[in-house]
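Undergrad: Pasting a structure here, questions to come.
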Ligand SMILES: [Zn+2]
């Protein structure tokens, strides 16, 4: 992709990127590691310890977020159509879906004309769009975890094959 297109929304929306536009998470880890390393000239053992410390802090941070997002009920994400997703999907996904629920509700109320689905939202984010949500609501149905790409699931299904490979190490 030519560099000039990299930050242009019209360009990135044609790729499945789950809404990720920045590398701040990797940069945060890099910054943390740099702060732990006081000097540029260090021995390999010190570097390894610093990397381990960084990973440990990142892991603790991740666990804290996972616990919060898999146990806390957030009122603004509690439309009945979203109920089966509660505690199973992170806040970032719930926020994006809640936005689509709002649009679906305005279609249903007739506040705005129902648009034609281009599948662009679903394609870019791997999440259900307002058109699917509208249809589900009209059927009295709900969203389920399978409407979302596994990227968004807080708990991934365990792959027995992967487990056996790891146990063999
Ligand atoms: Zn749609």
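Residue numbers (our numbering): 5 to 173.
Glycine included, each C-beta is placed from N, C-alpha and C at the ideal position.
Just mark residue 125 as buried or exposed, buried being the case when its beta carbon has 16 or more other beta carbons within 10 Å.
TA: Per the 10 Å Cβ criterion, buried.
Undergrad: State yes or no: is the C-beta of residue 61 nearer than 7 Å to some heavy atom of ligand 1?
TA: No - ligand 1 has no heavy atom lying nearer than 7 Å to the Cβ of residue 61.
Undergrad: Give the straight-line distance between the Cα atoms of residue 24 and residue 128, rounded to the nearest whole angstrom.
TA: Cα to Cα, the separation comes out at about 10 Å.
Undergrad: Taking its Cβ as the centre, do 16 or more other Cβ atoms sit within 10 Å of residue 154, making it buried, or is it exposed?
TA: Its Cβ having fewer than 16 others within 10 Å, residue 154 is exposed.
Undergrad: Quick one: using the 10 Å Cβ neighbour count with 16 as the cut-off for buried, is residue 87 buried or exposed?
TA: Answer is exposed; the Cβ neighbour count stays below 16.
Undergrad: Alpha carbon to alpha carbon, how far is residue 122 from residue 106? Give it in angstroms, no decimals.
TA: Near 18 Å, if we compare the C-alpha coordinates of residue 122 and residue 106.
Undergrad: In this structure, how does DSSP classify residue 93 when only helix, strand and coil are distinguished?
TA: Of the three classes helix, strand and coil, the one that applies to residue 93 here is strand, per DSSP.
Undergrad: With respect to 7 Å, is the separation between the Cβ of residue 111 and the closest non-hydrogen atom of ligand 1 below this value?
TA: Checking the Cβ of residue 111 against ligand 1 gives no.
Undergrad: Exposed or buried, which one is residue 135 when buried takes at least 16 other CB atoms within 10 Å?
TA: Classification of residue 135: buried, given that the 10 Å Cβ count is 16 or more.
Undergrad: Does residue 148 come within less than 8 Å of chain D when only Cβ atoms are used?
TA: Absent from the structure is chain D; it holds one protein chain and no more.
Undergrad: Opposite residue 157 in the DSSP bridges: which residues?
TA: For residue 157, which the question treats as bridged, DSSP gives the partners 93.
Undergrad: Could you tell me the boundaries of the alpha helix (DSSP H) in which residue 134 lies?
TA: Run containing residue 134: 134-142, per the alpha helix (DSSP H) assignment.
Undergrad: Determine the extent of the alpha helix (DSSP H) in which residue 71 is found, giving its start and end residues.
TA: 48-73 is the extent of the alpha helix (DSSP H) around residue 71.
Undergrad: So, does the segment 89-98 touch the segment 106-115, judging by three or more C-beta pairs under 8 Å?
TA: Result no; under three Cβ-Cβ pairs closer than 8 Å.
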